[in-house]
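Enquirer: Protein chains in written order, with this note's numbering: chain A, 1 to 269; chain B, 1 to 222.
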Amino acid sequence: MANVLPADVLPADATPVLAVEGLRKSFGTNEVLKGIDLKVGAGERIAILGSSGSGKSTFLRCINFMETPSAGRIALDGTPIGTEGRNGALTAKSGELRRLRTRVGMIFQQFNLFPHMSVLENVMEGPVTVKGLPKAEARAKAQDYLKRVGLAEKADQYPQRLSGGQQQRVAIARALAMEPEILLFDEPTSSLDPELVGEVLDVILGLSREGRTMLLVTHELGFAYHFATRVLFLHEGRIHEQGTPDEVLKNPREERTQAFLHRFSAFHF
Amino acid sequence: MNYSFQFGEILANGDLLLRGLKLTVLLFVLAFSGALVCGLFIGVARGSSRRVPNLIATAYIELFRNTPVLVQLIWFYYALPALSGWQPTAFTAAALGLFLNTSAYCAEIWRAGLQSLPAGQWEAGRAIGMSEWQLLRRVVVPQALARMVPAFTNRGVELAKMTSIASTITVQELMYEAKMLSTQTFLPLETFTVVAVIYFVLIYPGTLAAYALERRLNSKGA
Ligand SMILES: Nc1ncnc2c1ncn2[C@@H]1O[C@H](COP(=O)(O)OP(=O)(O)OP(=O)(O)O)[C@@H](O)[C@H]1O
Ligand SMILES: [Mg+2]
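#1: By a C-beta neighbour count over all protein chains shown, 10 Å radius and 16 as the cutoff for buried, is T79/A buried or exposed?
#2: On the criterion of 16 or more Cβ atoms from any shown chain inside 10 Å, does T91/A qualify as buried, or is it exposed?
#3: Which chain B residues sit within Cβ distance under 7 Å of Q110/A?
#4: Under 8 Å, with one C-beta from each stretch per pair, do the stretch 156 to 174 of chain A and the stretch 168 to 187 of chain B reach the 3-pair mark?
#5: For a cutoff of 8 Å on Cβ pairs, would you count S131/B as touching chain A?
#6: With a threshold of 8 Å between beta-carbons, can Q115/B be considered close to chain A, or not?
#7: Please go through the same chain and pick out, in chain order, the residues whose beta-carbon is closer than 7 Å to the beta-carbon of M1/A, but skip the five residues on each side of it.
#8: Does any CB atom of chain B fall closer than 8 Å to the CB of N64/A?
#9: Going by DSSP, what residue range makes up the alpha helix (DSSP H) through D186/A?
#10: Can you find a heavy atom of ligand 2 that lies under 7 Å from the Cβ of K25/A?
#11: Please report the residue range of the alpha helix (DSSP H) in which K22/B lies.
#12: DSSP three-state label for G105/A, please.
#13: Kindly indicate the opening and closing residues of the beta strand (DSSP E) around I74/A.
#14: Please tell me whether R238/A and G35/A are closer than 8 Å, where the distance is taken between their beta carbons.
#15: Would you mind reading off the limits of the alpha helix (DSSP H) that contains D144/A?
#16: Can you check which of these residues, L234/A, Q258/A, R256/A and F264/A, is closest to G53/A by C-alpha distance?
#17: Cβ of S49/B versus every heavy atom of ligand 1: is any distance shorter than 7 Å?
#18: Which class does Q110/A belong to by DSSP, given the choice of helix, strand or coil?
#19: Contact criterion: CB-CB distance below 8 Å. Does A178/B meet it with respect to chain A?
#20: So which residues of chain B does M106/A contact, with C-beta pairs closer than 7 Å?
#21: For I56/B, is the classification buried or exposed, using 16 other Cβ atoms within 10 angstroms of its Cβ as the cut-off for buried?
#22: Would you mind listing the beta strand (DSSP E) stretches within the stretch 20 to 80 of chain A that are 3+ residues and don't spill past its ends, in chain order?
#23: Answer with buried or exposed for N66/B, where buried requires no fewer than 16 other C-beta atoms within 10 angstroms of its C-beta.
#24: Could you tell me which chain B residues have their CB closer than 7 Å to the CB of T218/A, listed as they occur along the chain?
#25: Could you please tell me which residues of the stretch 169 to 183 of chain A, in chain order, have their CB closer than 9 Å to any CB of chain B?
#26: Tell me, please, whether the stretch 182 to 193 of chain A touches the stretch 138 to 157 of chain A by the rule of three or more beta-carbon pairs shorter than 8 Å.
#27: Which residues of chain D have a Cβ atom closer than 7 Å to the Cβ of T68/A, listed in chain order?
#28: To the nearest angstrom, how far is the alpha carbon of S265/A from that of T213/A?
#29: Taking 8 Å as the CB-CB cut-off, is T271/A touching chain B?
#30: Using only Cβ atoms and a threshold of 7 Å, which residues come within that distance of a heavy atom of ligand 2? Order them by chain position.
#31: How close, in whole Å, do the beta carbons of P127/A and A138/A come, if the pair is a contact with beta carbons under 8 Å?
#32: Would DSSP call M214/A helix, strand or coil?
Have a look at this one:
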């Protein structure tokens, strides 16, 4: 597997696809993110680990402004997103939000498919309503992406008829149909029965072979190892350790990372 | 009891009642269609986390829900002119009062309906770049509608009955014509029996239609 280098050693002339600087996020008086810096190069796949409450979801959600950052800077392809208000918080107007979210797709733990639309309509919804694509074109595209996740024959079903694994694959197709430059996954397999996890991970691995830029929060350490070009360990709102999968997962330097990994592998035989 | 009913005379004046009925229906249609739409906007403001819209919507809703509708109509007809110099016709005052009153109730139905949807649906829509209005139109309203039909039906039935209050500010709707007829003919028993039947025939099909619609929406969504 060709390892993309960590951002610190990216070639100096390469603009990162995503650049996060000094990102902070507070909910009331609870500061959840305490200054995160991250540069992501094109084609990098970043696995984010960390214990519950360490701020993994909040970090992903700040990147596409599902949460508004309390401080810091976020740039896509060198262009800053949002404007800084008087209190330092970033805000984005609706037009800018729409453009941002067509460029940064997100997949949730709970799939969140639209239950009143068929599988095909779910995938077409973004291209038609948000991008204004003609229906015929959007339908062809949606069928394409459904084929990519192996669900072409489920196009006319309603989501409730599908298994969790199939629903999550539709959710991936729905995100892909927007043709985003970056994909964010927040524990995409955490609410699946164990026997359904594999099919979703296979689809995600398929995407990594296409060279897509992805950030993925997961508790599946084995998968993170095969998926990622870089692994981040988040602790109390900071990046505590990062490096290649071999560095972080096999030879962690930090005590907390070691303790975290130890807890997760405690029951592996 | 040996009272002999004299429906003949009432039915002979059927055209009077029919004229009143037309105004009753017009009042209902204007107030209800306006309130359904206006209620959505107030309901969105009421459910919003933004301070100012939320405060205004809350004040509006509480004001109209916690004062008698009779007082509201009389206020629009007799007090508003003193305040604004604009004298609405009795019909305009009644339509306005019923519309604003029903809007307040519809706003609460909308708010509850919108909030009944799992947060994940809003998130999924936002994540593919939908605006809040696109989300409402494409994702939220179609799903919430089935759940809101019973509440809107109740509101519609309430409103249909409430139109009879307009007679107190001289709107010549069904109830007004009935009062006139009963004093002319000295036949209140017959008059108001006929009027009750007319109201029932008017309202009951609406209730039945709503049941049917609710069943259809429920079977489609699941
Ligand atoms: N909308 C919110 N309002 C208030 N507090 C929040 C909100 N979202 C998250 N938090 C708090 O922020 C902290 C970090 O939450 P976050 O969901 O980012 O953690 P996480 O690393 O994703 O955890 P998990 O592994 O359990 O998903 C938690 O203490 C949580 O209670
Ligand atoms: Mg989380």
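The beta-carbon is built from N, C-alpha and C at its ideal position, and this holds for glycine as well.
Model, not experiment: these values are computed from the prediction.
Expert: So, from the data block:
#1: Reading the first sequence from its first residue, position 79 is the one you call residue 79/A. Under this definition T79/A is an exposed residue.
#2: On the first sequence, residue 91/A is found 91 positions in, with the first residue counted as 1. So T91/A ends up on the exposed side.
#3: As a first step, residue 110/A must be located in the first sequence, where it is residue number 110. Result: G120.
#4: With the cut-off at 8 Å, the stretch 156 to 174 of chain A and the stretch 168 to 187 of chain B do not touch.
#5: Looking up residue 131/B in the second sequence gives position 131. Answer yes: the Cβ-Cβ gap between S131/B and chain A drops below 8 Å somewhere.
#6: Indexing the second sequence from 1 puts residue 115/B at position 115. Judged by the 8 Å Cβ criterion, Q115/B is not in contact with chain A.
#7: Residue 1/A sits at position 1 when you count from the first residue of the first sequence. The predicted model places M1/A with a pLDDT of 42, which falls under 50 and marks its position as unreliable, so this point remains unresolved.
#8: For the purposes of this step, residue 64/A is identified with residue 64 of the first sequence, where counting begins at 1. Using a Cβ-Cβ cut-off of 8 Å, N64/A counts as an interface residue toward chain B, since at least one Cβ of chain B sits closer than that to its own.
#9: Translated into positions along the first sequence, residue 186/A becomes position 186. For D186/A, no alpha helix (DSSP H) segment is defined; the enclosing uninterrupted segment is the beta strand (DSSP E) at I182 to D186.
#10: Working through the first sequence from its first residue, we reach residue 25/A at position 25. Residue side-chain check: K25/A keeps its Cβ at 7 Å or more from all non-hydrogen atoms of ligand 2.
#11: Residue 22/B sits at position 22 when you count from the first residue of the second sequence. From DSSP, the alpha helix (DSSP H) with K22/B extends over G14 to G47.
#12: By one-based count along the first sequence, residue 105/A stands at place 105. The answer is strand: DSSP assigns G105/A an E or B state.
#13: Within the first sequence, residue 74/A is the residue found at index 74, counting from 1. Start and end: A71 to L76.
#14: Reading the first sequence from its first residue, position 238 is the one you call residue 238/A. Reading the first sequence from its first residue, position 35 is the one you call residue 35/A. Taking 8 Å as the Cβ cut-off, R238/A and G35/A qualify as a contacting pair.
#15: The count along the first sequence starts at 1 and reaches residue 144/A at position 144. Start and end: K135 to R148.
#16: The sequence position of residue 53/A within the first sequence is 53, counting from 1. Nearest C-alpha to G53/A: L234/A.
#17: Looking up residue 49/B in the second sequence gives position 49. Within the chosen limit of 7 Å, ligand 1 does not reach the beta carbon of S49/B with any heavy atom.
#18: Taking the first residue of the first sequence as position 1, residue 110/A is located at position 110. If DSSP states are grouped into helix, strand and coil, Q110/A belongs with coil.
#19: In the second sequence, the residue the question calls residue 178/B occupies position 178. No, no contact with chain A.
#20: As a position in the first sequence, residue 106/A is number 106, starting the count at 1. Correct list: A127.
#21: Your numbering for residue 56/B matches position 56 in the second sequence. It is exposed - the Cβ of I56/B has fewer than 16 other Cβ atoms within 10 Å.
#22: Positions of the beta strand (DSSP E) runs, each at least 3 residues long and wholly inside the stretch 20 to 80 of chain A, are given as 30 to 40, 45 to 49 and 71 to 76 in order along the chain.
#23: Counting from 1 along the second sequence, the entry for residue 66/B is found at position 66. Exposed.
#24: Counting from 1 along the first sequence, the entry for residue 218/A is found at position 218. The contacting residues do not exist; T218/A stays about 18 Å from chain B at best.
#25: Taking 9 Å as the Cβ-Cβ cut-off against chain B, the residues of the stretch 169 to 183 of chain A that qualify are A171, R174, A175, A177 and M178.
#26: With the cut-off at 8 Å, the stretch 182 to 193 of chain A and the stretch 138 to 157 of chain A do not touch.
#27: Given the protein chain composition of this structure (A and B), no chain D is represented.
#28: On the first sequence, residue 265/A is found 265 positions in, with the first residue counted as 1. On the first sequence, residue 213/A is found 213 positions in, with the first residue counted as 1. Computed Cα separation, rounded: 28 Å.
#29: Past the edges of chain A, shown from 1 to 269, lies residue 271/A, and the structure says nothing about it.
#30: Any heavy atom of ligand 2 counts here; residues with a Cβ closer than 7 Å to one of them, in chain order, are K56/A, S57/A, D186/A, E187/A and V217/A.
#31: Counting from 1 along the first sequence, the entry for residue 127/A is found at position 127. Counting from 1 along the first sequence, the entry for residue 138/A is found at position 138. The C-beta separation of P127/A from A138/A comes to about 4 Å, placing the pair in contact by the 8 Å criterion.
#32: One-based indexing of the first sequence puts residue 214/A at position 214. Three-state result, M214/A: strand.
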